[in-house]
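Residue numbers (UniProt numbering): 1 to 293.
Everything on this sheet refers to the single structure shown next.
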């Protein structure tokens with residue numbers, strides 16, 4: 001109680017020292033597609049900061065044997081996984097830890113995503129319902145690639161995170177620094193996802209039909225990526241590390257598709273009317289888990 005805030009550039013600074021946390025959100029890279037081949041010219045949004053109190057326990061991670069130095073994945077750019085080591089970067093310090101994406105964490109992340117997608121698919125907050133909103137399912141390789149970014153302990157998007165299956169992979173980031181109060185990691189995952197979704201409050205309804213080629217308004221990139229109807233798989237990673245008095249939590253989610261400038265976030269119309277595999281019985285308004293796009 002009684003915390004004071006001041007805006008310092010892109011930062012929302014919490015002046016109170018006791019039981020404080022600054023939460024950082026970074027939106028997905030937005031991309032421009034040509035008419036013929038989805039060649040991507042990427043732009044990034046600004047960073048938003050929030051306050052919360054937390055302390056988290058952490059776990060460990062899986063690896064991949066894919067050759068991420070394969071030039072077909074990124075063209076002239078370098079993949080985040082090219083020559084990546086299994087350890088943490090120097091910026092992470094000596095005691096960095098992974099939170100494992102075990103069955104419980106996967107369920108929390110998927111349920112939160114799909115609950116919010118189902119809400120939007122049925123027409124929420126004045127947004128149009130979605131004709132074909134797939135149920136998100138987990139992808140271990142997307143999660144592994146997300147871990148390559150997380151283990152750097154630097155709050156920035158990687159230049160390329162594509163896989164052989166997903167050539168235009170998108171990404172959402174969140175980072176929090178905190179001290180004082182213990183909370184559960186699955187609660188933090190759900191909290192981050194809710195914060196991303198809450199950007200709907202600032203999202204012009206017109207953006208759903210066509211993401212503008214130039215946008216300078218409030219942060220909406222997390223929300224639009226979460227609601228993208230060309231996304232059907234997701235994989236995430238969490239890392240905890242120390243910096244001075246702060247414990248820092250870094251959360252990375254990679255998606256099977258990216259936001260594309262000039263194209264719809266999702267196609268509006270009668271809910272689930274274009275699902276090719278039927279509806280999801282649990283998440284009303286979403287297509288079944290067999291729906292692939």
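We treat Cβ as the ideally placed atom computed from N, Cα and C, and that holds for glycine.
Quick one: Cα of residue i to Cα of residue j, how far?
i           : j           : result
residue 176 : residue 104 : 22 Å
residue 106 : residue 97  : 18 Å
residue 149 : residue 87  : 12 Å
residue 152 : residue 80  : 10 Å
residue 69  : residue 165 : 15 Å
residue 222 : residue 123 : 19 Å
residue 163 : residue 169 : 8 Å
residue 74  : residue 145 : 13 Å
So, with DSSP's three-state summary, where would you put residue i?
i           : result
residue 117 : helix
residue 233 : strand
residue 149 : helix
residue 279 : strand
residue 69  : coil
residue 144 : helix
residue 221 : helix
residue 172 : strand
residue 242 : strand
residue 211 : coil
residue 132 : coil
residue 266 : coil
residue 124 : coil
Using a 10 Å radius around the Cβ and a threshold of 16 neighbouring Cβ atoms, would you call residue i buried or exposed?
i           : result
residue 90  : exposed
residue 61  : Low confidence applies here, because residue 61 scores a pLDDT of 39, under 50, leaving its location unreliable and the question unanswered by this model.
residue 291 : buried
residue 199 : buried
residue 271 : buried
residue 83  : exposed
residue 193 : buried
residue 201 : exposed
Do residue j and residue i have their beta-carbon atoms positioned less than 8 Å apart in this structure?
i           : j           : result
residue 93  : residue 242 : yes
residue 209 : residue 126 : no
residue 72  : residue 142 : no
residue 191 : residue 247 : no
residue 159 : residue 77  : yes
residue 293 : residue 173 : no
With a cut-off of 8 Å, does the C-beta of residue i fall near any C-beta of chain B?
i           : result
residue 152 : Of the chains in the structure shown, none is chain B; there is only one protein chain.
Is any non-hydrogen atom of the ligand HEM found closer than 7 Å to the C-beta of residue i, if you look at the structure I gave you?
i           : result
residue 154 : Of ligands this structure carries none, so the ligand HEM is not represented either.
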